[in-house]
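> Here it is, the structure, as structure tokens.
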Amino acid sequence: NHPSAVEPFEASATGIGGCVRDIFTTGARPVAVLGGLRFGNLDNEKVKYLFKEVFRGLAHYANVAEISAVGGDAYFDESYEGNPLVNAFVVGIVKHADIVKGVASGIGNPVYYIGGDTGRDGVGGASFASKEITEESGSDPNAVAIGDPELGKRLREACLELIEKKLVAGMQDMGAAGLTCSSCETATRSNTGIEIDVALVPQREKGMTPYEILLSESQERMLAILKGGNEEEALAILGKWQINAVKIGKVTDDGIMRVKENGVTVCEVPAETLTKKAPLYDREIKEPGYLKETKNISFDSLPEPGDYNKVLLELLDLPTIASKESAYKKFTFVAEDEILTGAGSDAAIVKVKGTKKALAISVDCNGRFCYLDPYNGAQMTVAEAARNVVCAGGRPLAITDGLNFGNPMKPENYWQFQKCIEGLSNACKVLETPVISGNVSFYNENPKGAVDPTPMVGMVGLIEDAEKRVTQDFKNEGDIVVLLGENGPGLGGSEYLYHVHKMKKGDPKIDIKKEKALQDACLEMIQSGIIQSAHDCSEGGLATSLTESCISNSSRMLGAAIDISALKKSKMRLDDVLFGEAPSRIVVSIKSDDLEKLEKVAEKHSVPCYKLGKVGGDKLVIKDAVNIPVKKLSEVWRNPIPNRAK
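In our numbering, the protein residues as written are -15 to 630.
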């Protein structure tokens, strides 16, 4: 995040590189990358520059390293002005029997440094990320590490071959704090010690001190603990891939991380004091005062639109809602035999080779909801990520999180952090999706204040039979359109309320048990073969979801005739029905003969369902509200980002 505000091209590239190394160090082959990106207003010239350079950096690394980019999400909000968030999410596949852990096991085993040379780039990168961004933040020439995707690709193949041939006892990427973290963490996990000599570390700059060598975050470097007696074979493999490899130490039995320089000890510390016995903060918390104001709102006083066509087109023109297709075209490498559904649907779908199975993958977070209610906003983040996976036909399995917050020394920020963690935890328990990895990024602030709390969630789900996968676009003329889930009030925190009425207010809520029931029902419907398309309702509400189902497949756009009278409950405003962002809703299409089957499954799970209309024609017609040709909708939805980011 912080480096991307200073040097967006190089920093975003290292975001992918670090995640890729974390994946293949376990023995898994990386198969897909997604981005969770947050920027300020795209009409701002600095934001345009950051946006273009971040995507250029991500695409450069992914294309050269030959990793398929399959989607993600991007939000644009003034909260992120001057402090963009760049979260990379990489997924890999490994056989259970081939998993390697980041351990320094086997007393006496050799410790090898493999990969690129160490420089001063990124020295103190973790410390740099632990400060607020100021006008002076870009003055340190070493603040941002520089990636090398071509070297990264060779390093990946070499490490995977070492692991495949059972030559490795343990392995870890040199990420944050570089050699320091990789050494003490691998030793702690195996209850051993580790001894290294920094004078043996390959260096590309003269006069580097032990401090600089230990804390450098130069890219494309791994710490490998080889199995004793296998060094010659391992070095031959590394040589074949033209990967530098140097023995810099050994595993010991005393629990000490011992650092030498030319044989002279310069550092001795119990490894676990830097890891599991590091001090724990018990920070002061305080509920932010702004919440009293943001929750104090009556929607009765809001004027309803006189022209719903105009409002829908305005929402489709927002970069947050608009198609990101033009940006993802920069990613030119696609493993076509693996990627079944790429960017542009609720979830990407990646085939598991040699099986009928596939992975459904999604990244989500609505920072505005988390700003208005951190606990419920975080729950809604997990729910939406899981809902997107379900809409593809996947059963949610697990999440990784990227927790992006302001300065934790400010009690209000730490309160937001605590409540978001509690919300994530509860949602994951109910949806049965454990948190299996993650990252925390604090101090995301600029002179105007902290970013909205943004607990990014990457969700992976399993599709048992890839032939039953589903996408969000309508498929056939005459299919029935149905809304699954309760269409309750949802103006608070919505894009409509923020952009049309200029209000950042509301009190978003979710019943996570009802969300679970909705997802179970939808998944059963998909597995039984009755769902033709499925698309969750989120940013822009029901009208936007219907629009996207009409136009997201540019080669087969279909209109729809919709009647929402069944959704108009007592005193529920029309703009709330159309543009409210209440959670736990999915728009599906089915063949007309399957309506009774759908209703039975919905009843079984106590999930409301509403027949809305039919697919067909060349317009989206919502009775008494919207009447727009799909061609017009497509033009407005596909052009905002290329028009703004020229």
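Backbone N, C-alpha and C fix where the C-beta goes; we use that ideal spot for every residue, glycine too. Since we're looking at a predicted model, the values are computed, not measured.
Exposed or buried, what is residue 560 when buried is set at 16 or more other beta-carbons lying within 10 Å of its beta-carbon?
For the purposes of this step, residue 560 is taken as the residue at position 576 of the sequence shown. Looking at its Cβ environment, which holds 16 or more other Cβ atoms inside 10 Å, residue 560 is buried.
> For the alpha helix (DSSP H) containing residue 480, list its first residue and its last residue.
Numbered from its first residue, the sequence shown carries residue 480 at position 496. Taken as a continuous stretch (DSSP letters only), the alpha helix (DSSP H) holding residue 480 covers 479 to 484.
> Is DSSP giving residue 594 helix, strand or coil here?
Within the sequence shown, numbered from 1, the residue matching residue 594 stands at position 610. The answer is strand: DSSP assigns residue 594 an E or B state.
> To the nearest angstrom, how far is the alpha carbon of residue 635 from that of residue 620?
Residue 635 lies beyond the stretch modelled for the chain, which goes from -15 to 630, so this question has no answer here.
> Is the beta carbon of residue 13 less than 8 Å from the beta carbon of residue 144?
Numbered from 1 along the sequence shown, position 29 holds the residue referred to as residue 13. Numbered from 1 along the sequence shown, position 160 holds the residue referred to as residue 144. In contact: residue 13 and residue 144 (Cβ atoms closer than 8 Å).
> From the DSSP secondary-structure annotation, give me the bridge partner or partners of residue 178.
As a working mapping, residue 178 is identified with position 194 in the sequence shown. DSSP lists 235, 241 as partners of residue 178.
> Could you tell me which residues DSSP pairs with residue 329 in its beta bridges?
Looking up residue 329 in the sequence shown gives position 345. Looking at the DSSP assignment, residue 329 forms a beta bridge with 327.
> In or out: residue 317 buried (at least 16 other Cβ within 10 Å) or exposed?
Counted from its first residue, the sequence shown places residue 317 at position 333. Exposed: under 16 other Cβ atoms inside 10 Å.
> In this structure, how does DSSP classify residue 153 when only helix, strand and coil are distinguished?
Residue numbering aside, residue 153 sits at position 169 when the sequence shown is read from its first letter. Strand at residue 153.
> Taking 8 Å as the threshold (C-beta atoms), are residue 448 and residue 568 in contact?
Here residue 568 is taken as the residue at index 584 of the sequence shown, counted from 1. Here residue 448 is taken as the residue at index 464 of the sequence shown, counted from 1. Their beta carbons are not under 8 Å apart, which means residue 568 does not touch residue 448 by this criterion.
> Run through DSSP, which three-state label would residue 89 get?
As a position in the sequence shown, residue 89 is number 105, starting the count at 1. In this structure, residue 89 counts as coil in the three-state DSSP scheme.
> Taking a contact to mean a Cβ-Cβ separation below 8 Å, would you say residue 37 touches residue 304 in this structure?
What you label residue 37 is simply residue 53 of the sequence shown in a count that begins at 1. What you label residue 304 is simply residue 320 of the sequence shown in a count that begins at 1. Taking 8 Å as the Cβ cut-off, residue 37 and residue 304 do not qualify as a contacting pair.
> State yes or no: is the C-beta of residue 270 within less than 8 Å of the C-beta of residue 439?
Indexing the sequence shown from 1 puts residue 270 at position 286. Indexing the sequence shown from 1 puts residue 439 at position 455. Cβ atoms of residue 270 and residue 439: not closer than 8 Å.
> Which residues does DSSP list as the beta-bridge partners of residue 166?
Residue 166 sits at position 182 when you count from the first residue of the sequence shown. Answer is none; residue 166 lacks a bridge partner.
> For residue 377 versus residue 452, is the C-beta spacing smaller than 8 Å?
Counting from 1 along the sequence shown, the entry for residue 377 is found at position 393. Counting from 1 along the sequence shown, the entry for residue 452 is found at position 468. In contact: residue 377 and residue 452 (Cβ atoms closer than 8 Å).
> Would you tell me roughly how many angstroms separate the C-alpha atoms of residue 57 and residue 32, rounded to the nearest one?
What you label residue 57 is simply residue 73 of the sequence shown in a count that begins at 1. What you label residue 32 is simply residue 48 of the sequence shown in a count that begins at 1. Cα to Cα, the separation comes out at about 17 Å.
> For a test of the three-state rule: what should DSSP assign to residue 604, helix, strand or coil?
The sequence position of residue 604 within the sequence shown is 620, counting from 1. Looking at residue 604 - three-state DSSP - the assignment turns out to be strand.
> Using only the alpha-carbon positions, how far apart do residue 123 and residue 427 sit?
Within the sequence shown, residue 123 is the residue found at index 139, counting from 1. Within the sequence shown, residue 427 is the residue found at index 443, counting from 1. Any reading at residue 123 must be qualified, since the residue scores a pLDDT of 49, below 50, and its modelled position is unreliable; the value itself is stated next. C-alpha separation (whole angstroms): 18 Å.
> Suppose you measure from the CA of residue 508 to the CA of residue 585; what does that come to, to the nearest Å?
Locating residue 508 in the sequence shown gives position 524, where the first residue counts as 1. Locating residue 585 in the sequence shown gives position 601, where the first residue counts as 1. Using only the alpha carbons, I get a separation of about 7 Å.
> DSSP puts residue 440 in a beta bridge; with which residues?
Against the sequence shown, residue 440 aligns to sequence position 456. Residue 440 pairs with 386.
> Per DSSP, what kind of secondary structure is residue -12 in: helix, strand or coil?
Along the sequence shown, one-based indexing puts residue -12 at 4. Note: residue -12 maps to helix in three-state DSSP.
> Do residue 348 and residue 365 come within 8 Å of each other at the CB atom, strictly closer than that value?
Against the sequence shown, residue 365 aligns to sequence position 381. Against the sequence shown, residue 348 aligns to sequence position 364. In this structure, residue 348 lies closer than 8 Å to residue 365 by Cβ.
> Determine the burial state of residue 512: buried for a count of at least 16 other Cβ atoms within 10 Å of its Cβ, exposed for fewer.
Along the sequence shown, one-based indexing puts residue 512 at 528. Result: exposed.
> For the stretch 406 to 414 and the stretch 348 to 364, state whether three or more C-beta atom pairs, one from each stretch, are separated by less than 8 Å.
Cβ pair count under 8 Å is three or more, so yes.
> Look up residue 370 in the DSSP assignment and say whether it is helix, strand or coil.
Here residue 370 refers to the residue found at position 386 when the sequence shown is read from its first residue. DSSP places residue 370 in helix when its eight states are reduced to three.
> If you follow the beta strand (DSSP E) that residue 22 is in, where does it begin and where does it stop?
By 1-based counting over the sequence shown, the position of residue 22 is 38. Unbroken beta strand (DSSP E) run through residue 22: 13 to 23.
> Could you tell me how far apart the beta carbons of residue 472 and residue 576 are, in whole angstroms, since I believe they sit closer than 8 Å?
Position 488 of the sequence shown holds residue 472. Position 592 of the sequence shown holds residue 576. In fact, because the Cβ distance is near 28 Å, the residues do not count as touching under 8 Å.
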